[in-house]
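Undergrad:
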Amino acid sequence: MAISPSQRRYLRSLAHDLHPVILLGAKGATEAVVKELDLALSHHELVKVKLSGGDKDERDAQIDTLIDGTGAENVQQIGHIVVLFRRNEDDPRLALPR
């Protein structure tokens, strides 16, 4: 499910006060990190992730790995921080605008 621009704007406003839940280390986006992110998305729906160092291409590869592994949507990326969203179909916590 793709999110609309108004939903993306709303999610960005909610994510502003969040602290990163997942911190990537020197190894980057490993299977263990993807599993932990999957659990965090199931519980919170909206999660901030702090990426490990490296150039922009390396960070983009890490984001792609996280998105492919969890089925989340990229809401926003600023520098080393990325905000990901995935709706919990069983118990939705966030009410998105239309």
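Numbering (numbering that gives the first Met the number 0), first residue to last: 0 to 97. We put the CB at the ideal spot given by N, CA and C, even for glycine.
For K47, count neighbouring C-beta atoms within 10 Å of its own C-beta (all shown protein chains included) and say buried if the count is 16 or more, exposed if not.
TA: buried
Undergrad: Please list the segments of the alpha helix (DSSP H) lying wholly inside the segment 7 to 64, counting only runs of 4 or more residues, in order along the chain.
TA: 30 to 43
Undergrad: Bridge partners of E72, per DSSP?
TA: F84
Undergrad: Closest to G52 by C-alpha separation, out of E72, R8, G78 and T29, would be which residue?
TA: G78
Undergrad: Give the DSSP-derived three-state secondary structure of I77 in the structure shown.
TA: strand
Undergrad: According to DSSP, is I2 helix, strand or coil?
TA: Note: I2 maps to coil in three-state DSSP.
Undergrad: Classify E44: buried if its beta carbon has 16 or more other beta carbons within 10 angstroms, exposed otherwise.
TA: Buried: at least 16 other Cβ atoms inside 10 Å.
Undergrad: So, helix, strand or coil for D67, using DSSP?
TA: helix
Undergrad: Nearest-angstrom Cα distance between K49 and I62?
TA: 10 angstroms
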